[in-house]
Ligand SMILES: [Zn+2]
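Residue numbers (this note's numbering): 31 to 373.
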């Protein structure tokens with residue numbers, strides 16, 4: 031079930047009044063100076079996230095100060111590490127996303143890294159997720175806007191799942207389920223209808239995108255650990271790009287690029303996805319995320335091998351070879367819509 035979610039203002043300042051003491055704050059180095067004034071002598075300590083590596087985090091658990099609750103304050107990384115600590119220590123958790131980048135605040139497991147792979151591990155149901163409208167609106171706009179990537183990816187995911195069904199390649203545990211696809215489609219439509227609000231980060235835009243994330247974060251568990259209706263080639267391309275380049279990305283940029291290239295590969299209304307990403311203000315040009323078109327071409331070229339070695343589910347990547355001109359066509363269209371990159 032979706033986690034209790036509270037929208038409001040001045041929510042960070044209230045945490046010290048109810049989080050079990052002493053409380054541990056898990057956040058990022060650049061965020062702590064902005065928020066530290068909100069905490070009092072109930073603070074057990076601060077953990078600034080520097081790694082998502084499972085072994086490193088496991089070793090850090092023993093070094094944490096004694097605490098009675100965990101507060102996650104930040105983007106996906108801070109909230110995922112907060113989940114991990116709360117899980118390992120068996121403590122109550124309060125989550126405060128500071129931007130709309132990902133659906134991580136609303137997912138039960140922590141997205142960590144192990145041996146170069148993403149691993150969703152743990153079990154953490156927060157007491158509540160607090161969405162402070164002022165805090166979100168003060169975040170860098172590109173972080174907030176990039177959050178649409180984690181919802182637009184339903185478009186490519188659904189095509190991948192139908193393809194698996196049509197080719198008799200469904201995973202036995204995940205037969206195609208039209209109800210799940212329809213439920214996801216409803217959230218996708220809600221976001222598509224509010225792209226201008228999301229770009230401008232209005233209160234309406236925040237509520238729309240965060241409620242879509244709330245559904246998307248919970249549905250993996252709620253559908254019996256089934257990711258098929260929410261993730262496919264879109265995220266796979268991102269995982270491979272991360273593996274190849276070692277870059278740290280703003281999640282929605284490479285995922286958005288994956289949505290566009292994936293839907294081109296699927297011949298699945300790719301122009302509509304490109305227009306939506308552009309309208310929401312998500313820059314999916316490789317240079318905007320610190321990589322090159324050559325990196326993207328390499329990620330596409332090695333994707334079939336990567337998805338097999340990573341044991342990922344059946345998508346267009348397994349169904350048809352990437353068209354030889356796929357990356358050139360993507361580049362041409364992306365540069366036509368966003369303009370050529372000029373540093
Ligand atoms: Zn994602």
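Ideal Cβ positions, reconstructed from N, Cα and C, are used throughout, including at glycine. Every value quoted in this text rests on a predicted model; they were computed, and no experiment measured them.
With burial defined as no fewer than 16 other Cβ atoms inside 10 Å of the residue's Cβ, what is the status of residue i: buried or exposed?
i           : result
residue 197 : exposed
residue 272 : buried
residue 283 : buried
residue 270 : buried
residue 353 : exposed
residue 322 : exposed
residue 191 : buried
residue 240 : buried
residue 264 : buried
To the nearest angstrom, report how far apart residue i and residue j are at their CA atoms.
i           : j           : result
residue 368 : residue 268 : 20 Å
residue 330 : residue 319 : 17 Å
residue 140 : residue 255 : 14 Å
residue 307 : residue 235 : 15 Å
residue 108 : residue 63  : 15 Å
residue 66  : residue 170 : 19 Å
residue 164 : residue 203 : 42 Å
residue 350 : residue 195 : 15 Å
residue 347 : residue 333 : 7 Å
residue 68  : residue 45  : 8 Å
residue 356 : residue 362 : 10 Å
residue 1   : residue 210 : Lying before the first or after the last residue shown, residue 1 is absent from the chain, which here runs from 31 to 373.
residue 359 : residue 327 : 11 Å
residue 120 : residue 38  : 28 Å
residue 172 : residue 205 : 37 Å
residue 102 : residue 71  : 18 Å
residue 166 : residue 174 : 8 Å
residue 60  : residue 301 : 37 Å
residue 305 : residue 225 : 10 Å
residue 245 : residue 136 : 8 Å
residue 285 : residue 370 : 20 Å
residue 279 : residue 131 : 11 Å
residue 183 : residue 261 : 6 Å
residue 372 : residue 110 : 35 Å
Hey, is residue i close to ligand 1, as in C-beta under 8 Å from one of its heavy atoms?
i          : result
residue 97 : no
Checklist line | Residues proximal to ligand 2 by C-beta, any heavy atom closer than 6 Å | finding: Judged by which ligands are present, ligand 2 is missing from the structure shown, whose ligands are ligand 1.
Notebook entry, point to check: So does the region 285-295 actually touch the region 212-223, counting three or more Cβ pairs closer than 8 Å?
Noted result: No contact exists between the region 285-295 and the region 212-223.
Margin query: Under 8 Å, with one C-beta from each stretch per pair, do the region 84-95 and the region 121-133 reach the 3-pair mark?
Written below: Judged by Cβ distances under 8 Å, the region 84-95 makes no contact with the region 121-133, as fewer than three pairs qualify.
Check: Touch check for the region 147-161 and the region 125-134: three-plus C-beta pairs under 8 Å?
Finding: Yes: the two stretches touch, three or more of their Cβ pairs being nearer than 8 Å.
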